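Report on the following structure.
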Amino acid sequence: MQLQVTNSPFTQEQIELLNRLLPTLTPSQKLWLSGYLAAAEAAVTVLDANAPALFAGGGKPVSKEVTVLYGSQTGNAQKLAEKAGKALKERGFEAKVSSMLEFKPNELKKVETLLIVVSTHGEGDPPDNAVSFYEFLHSKRAPKLDHLRFSVLALGDTSYEQFCQTGKDFDKRLEELGGTRFYPRVDCDVDYEEAAAKWLDGVLGELSKEANASGGATPLLSAVAAAPKAEPAVVYSRKNPFPAEVLENINLNGRGSNKETRHLELSLEGSGLKYEPGDALGIFPKNDPELVDLIIQEMKWNPEETVTIDKDGEVRSLKEALTSHFEITVLTKALLQKLAPLSKNSALQELVAPGNEAKLKEYAKGRDLLDALRDFGPWDAAPQQLISILRKMPPRLYSIASSLAAYPDEVHLTIGAVRYQSYGRLRKGVCSTFCAERVPIGDTLPVFVQPNPNFKLPKDPDTPIIMIGSGTGVAPFRAFMQEREATGVSGKSWLFFGDQHFMTDFLYQTEWLAWLKSGVLTKMDVAFSRDTEKKVYVQHRMLERSKELFGWLEEGAVVYVCGDKQHMARDVHQTLIDIIEKEGGMSREQAEAYVTEMQKQKRYQRDVY
Numbered sequence: 262m263q264l265q266v267t268n269s270p271f272t273q274e275q276i277e278l279l280n281r282l283l284p285t286l287t288p289s290q291k292l293w294l295s296g297y298l299a300a301a302e303a304a305v306t307v308l309d310a311n312a313p314a315l316f317a318g319g320g321k322p323v324s325k326e327v328t329v330l331y332g333s334q335t336g337n338a339q340k341l342a343e344k345a346g347k348a349l350k351e352r353g354f355e356a357k358v359s360s361m362l363e364f365k366p367n368e369l370k371k372v373e374t375l376l377i378v379v380s381t382h383g384e385g386d387p388p389d390n391a392v393s394f395y396e397f398l399h400s401k402r403a404p405k406l407d408h409l410r411f412s413v414l415a416l417g418d419t420s421y422e423q424f425c426q427t428g429k430d431f432d433k434r435l436e437e438l439g440g441t442r443f444y445p446r447v448d449c450d451v452d453y454e455e456a457a458a459k460w461l462d463g464v465l466g467e468l469s470k471e472a473n474a475s476g477g478a479t480p481l482l483s484a485v486a487a488a489p490k491a492e493p494a495v496v497y498s499r500k501n502p503f504p505a506e507v508l509e510n511i512n513l514n515g516r517g518s519n520k521e522t523r524h525l526e527l528s529l530e531g532s533g534l535k536y537e538p539g540d541a542l543g544i545f546p547k548n549d550p551e552l553v554d555l556i557i558q559e560m561k562w563n564p565e566e567t568v569t570i571d572k573d574g575e576v577r578s579l580k581e582a583l584t585s586h587f588e589i590t591v592l593t594k595a596l597l598q599k600l601a602p603l604s605k606n607s608a609l610q611e612l613v614a615p616g617n618e619a620k621l622k623e624y625a626k627g628r629d630l631l632d633a634l635r636d637f638g639p640w641d642a643a644p645q646q647l648i649s650i651l652r653k654m655p656p657r658l659y660s661i662a663s664s665l666a667a668y669p670d671e672v673h674l675t676i677g678a679v680r681y682q683s684y685g686r687l688r689k690g691v692c693s694t695f696c697a698e699r700v701p702i703g704d705t706l707p708v709f710v711q712p713n714p715n716f717k718l719p720k721d722p723d724t725p726i727i728m729i730g731s732g733t734g735v736a737p738f739r740a741f742m743q744e745r746e747a748t749g750v751s752g753k754s755w756l757f758f759g760d761q762h763f764m765t766d767f768l769y770q771t772e773w774l775a776w777l778k779s780g781v782l783t784k785m786d787v788a789f790s791r792d793t794e795k796k797v798y799v800q801h802r803m804l805e806r807s808k809e810l811f812g813w814l815e816e817g818a819v820v821y822v823c824g825d826k827q828h829m830a831r832d833v834h835q836t837l838i839d840i841i842e843k844e845g846g847m848s849r850e851q852a853e854a855y856v857t858e859m860q861k862q863k864r865y866q867r868d869v870y
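Read in my numbering, the sequence shown has 727 at position 466, and its numbers run on one by one without any break.
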């Protein structure tokens, strides 16, 4: 594009300079330049408008200190909190970023500006490292916070009824205690990046505006007036996943098992991706093509009709959009409410009406988009209307089952294929059956590394570790053992593993036995629930070894739990308290406090789902 004298405010000399410069700029340089000019103009405007306050000392200065607290189970909230802290520092604020577990609650009395970034775990529960702070705020010990200004970023998943409940609870409670909400709470779904970015921009804008008006922080102009950076090398991430080649895909279960557990080995060669034991790998899956075809047939649509799939105007065929870009297997309250205007079916209108929340929840459980389309027709909707209300396909996270020290440029996963009958149809886990049925060796999977700073091996290699998991929950412990073997760590290790049958479901049996023989693994107790008349689970094995287990705890052992949150992890948690109470000669309250202290010392870590 060439500038013309007749339609621009520039001189002829300026136009010639611009016409030589503009064609040489990369898209990122153009974006930076436009942001710089806008920010510079805004900063000048703010400085001009508030000159009397800046130089005459008018008004009370706004504190430059901002405390950012996060509660995070898988690391997303922590990553966003750290990003907020970095952005605040770039704008001249003194940002203190901390997990809620490590923050001393009584320090709230000294905090003037607070940002909360917190996820919701399961059915409305706080993440493990937010529980104690959450309970403190909701107790009688919580202080009055009339001096506090706050804003909350809540992470959640709309497929759960209690969407972002922990964030909502914090937001409400801080206001009840007298705090002032200086920027509205933002609730994020699993596709959280855009909403989180808007929240951060809004928070920074509000704080910068107030600080500039009172001379409290560096004007925005100085924060952005840096030289454009060179084009970076390709960085693979959640937004830009790496196409990892499948090197191996085998079923770990023996013939006759009720389960199918896939062991995947993927190549990371050339990706630059790094991970540590305890981290997770994200996979962007594809929907079952049979389910996609049934939806298109039900609506009598043309599978090749094009639809727009994002705000940038990118188009795909309807079949490709439903296969690769949108979630169609989870039916939520939000989706049913969005579907209602597209149908004149009175039953659907009644279902989404206020007061019928219990019926709506019951209907959505175990059903998917196809069920709703079949149950509530006829539909007056074009393909684009349906696409526009569907949620983007969220990635699935799996605990990594390998160590880079043992397998450079590779990552291994342990994935249980999910299949079950519901309302007369076979249902399939989106990613698990995608990997089990439609990902042969040689294909690629779009992947990214999801760091999990809350599930890590101890820094002291001599620290004993106790690993407790069932089924695919054994995955990160395989990574732990590979790492310890590869690095020559000598600390004691103890595995409690459970599954259904010894003969068919002892995942990675030969590897565990080899580590036992070599001494990398010190002890192993197994529980196969279907091999005995009375079901035996990992918590029963823990009780059988309670005295020795407590001895390990007293030596400073770190306890790791991985697997099902609602049953296994809950039972293991209670059993751990039982053992401490019994073997330590403590009251129940003392035993619970012992476990809480273990959490604070990062000696009790959970990766549960």
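Here a beta-carbon is modelled for each residue, glycine too, at the ideal position from N, C-alpha and C.
All values reported here derive from a predicted model rather than from experimental measurement.
Top-ranked residue by Cα proximity to residue i, from the options
i, options, result
"Leu-527", "Ala-608, Phe-738, Thr-705, Met-654", "Thr-705"
"Ala-356", "Phe-364, Glu-363, Ala-345, Lys-365", "Ala-345"
"Val-358", "Asn-367, Phe-503, Val-750, Gly-332", "Gly-332"
"Pro-445", "Trp-460, Glu-437, Leu-435", "Trp-460"
"Thr-590", "Gly-616, Leu-529, Ser-607, Ser-683", "Ser-683"
"Thr-783", "Lys-863, Pro-404, Pro-725, Ile-729", "Pro-725"
"Leu-513", "Glu-343, Glu-772, Gln-743", "Glu-772"
"Gln-827", "Val-781, Leu-768, Tyr-870", "Tyr-870"
"Leu-465", "Val-327, Glu-581, Ser-400, Asn-390", "Val-327"
"Val-507", "Tyr-497, Lys-520, His-524, Phe-364", "His-524"
"Tyr-769", "Glu-746, Thr-733, Ser-790", "Thr-733"
"Leu-631", "Asn-617, Leu-596, Val-495", "Leu-596"
"Ala-403", "Gln-423, Val-413, Glu-368", "Glu-368"
"Ser-702", "Gln-866, Val-797, Glu-509", "It is worth fixing the name first, because residue 702 is Ile in this sequence and not Ser. Checked all of Gln-866, Val-797, Glu-509; the closest Cα to Ile-702 is Glu-509."
"Asp-386", "Asp-430, Glu-343, Leu-375", "Asp-430"
"Gly-638", "Asn-606, Glu-618, Ala-625, Tyr-659", "Asn-606"
Which residues DSSP lists as bridging residue i, in chain order
i, result
"Gln-800", "Looking at the DSSP assignment, Gln-800 forms no beta bridge with any residue, so it has no partner."
"Glu-509", "Glu-526"
"Phe-443", "Paired residues: none, contrary to the question."
"Gly-677", "Thr-522"
"Gln-682", "Leu-687"
"Ala-356", "Val-327"
"Ala-541", "Ser-660, Gln-711"
"Gln-827", "DSSP output for Gln-827 lists no bridge partner at all."
"Pro-504", "Pro-707"
"Ala-415", "Val-379, Asp-448"
"Gln-866", "Tyr-821"
"Ala-788", "Gly-759"
Residue i beta carbon near the ligand GTP (any heavy atom closer than 8 Å)
i, result
"Gln-423", "Among the components modelled here there is no ligand, and therefore nothing to report on the ligand GTP."
Contact set for residue i: own chain, Cβ-Cβ below 6 Å, skip 5 residues either direction
i, result
"Glu-588", "Arg-652, Met-654"
"Val-708", "Pro-502, Phe-503, Ala-505, Leu-542, Ile-544"
"Arg-864", "Val-819"
"Gly-517", "Thr-765"
"Gly-690", "Val-679"
"Pro-564", "Ile-557, Leu-579, Lys-580"
Contact set for residue i: own chain, Cβ-Cβ below 7 Å, skip 5 residues either direction
i, result
"Asp-792", "His-762, Phe-763"
"Lys-620", "Leu-612"
"Ser-693", "Ile-676, Gly-677, Ala-678, Val-679"
"Glu-436", "Arg-442"
"Ala-747", "Ser-664, Ala-666, Ala-667"
"Ser-483", "With a pLDDT of 37 at Ser-483, under the threshold of 50, the modelled position of this residue cannot be trusted; read the value that follows with caution. Answer for Ser-483: no residue qualifies."
8 Å contact criterion, which residue i and residue j should meet: CB distance rounded
i, j, result
"Leu-243", "Ala-601", "The question about residue 243 has no answer, for the chain in this structure spans 262 to 870."
"Gly-210", "Lys-401", "With the chain running from 262 to 870 in the structure shown, residue 210 is simply not present."
"Arg-352", "Leu-398", "Contact doesn't hold; Cβ gap of about 28 Å is too wide."
"Asp-629", "Leu-603", "So it is not a contact: roughly 17 Å between Cβ atoms."
"Pro-737", "Pro-615", "Their Cβ separation, rounded to whole angstroms, is 44 Å, which puts Pro-737 and Pro-615 out of contact at 8 Å."
"Val-787", "Phe-741", "Not confirmed; about 17 Å, so no contact."
"Pro-546", "Arg-657", "6 Å"
"Ile-838", "Val-856", "6 Å"
Cutoff 9 Å: residue i Cβ touching any chain D Cβ
i, result
"Pro-550", "In the structure shown, chain D cannot be found, because there is only a single protein chain."
Neighbourhood of residue i by C-beta distance below 8 Å, restricted to the same chain and skipping five residues each side
i, result
"Arg-635", "Glu-559"
"Tyr-536", "Leu-542, Ile-661, Leu-665, Val-672, Val-710, Pro-712"
"Met-361", "Leu-330, Tyr-331, Gly-332, Val-379, Asn-390, Ala-391, Ser-393, Phe-394, Tyr-395"
"Ala-348", "Leu-461, Leu-465"
Three or more C-beta pairs below 8 Å linking the stretch 400-420 and the stretch 380-388: With the cut-off at 8 Å, the stretch 400-420 and the stretch 380-388 touch.
Inter-stretch contact at 8 Å, needing at least 3 Cβ pairs: the stretch 743-754 / the stretch 845-855: Contact fails between the stretch 743-754 and the stretch 845-855, because fewer than three Cβ pairs, one in each stretch, are under 8 Å apart.
Validate contact between the stretch 578-586 and the stretch 656-669 using beta carbons, cut 8 Å, 3 pairs: Contact between the stretch 578-586 and the stretch 656-669 is absent, because fewer than three Cβ pairs lie under 8 Å.
Cβ contact (3+ pairs, closer than 8 Å) linking the stretch 555-562 and the stretch 713-733: Contact fails: fewer than three Cβ-Cβ distances are below 8 Å.
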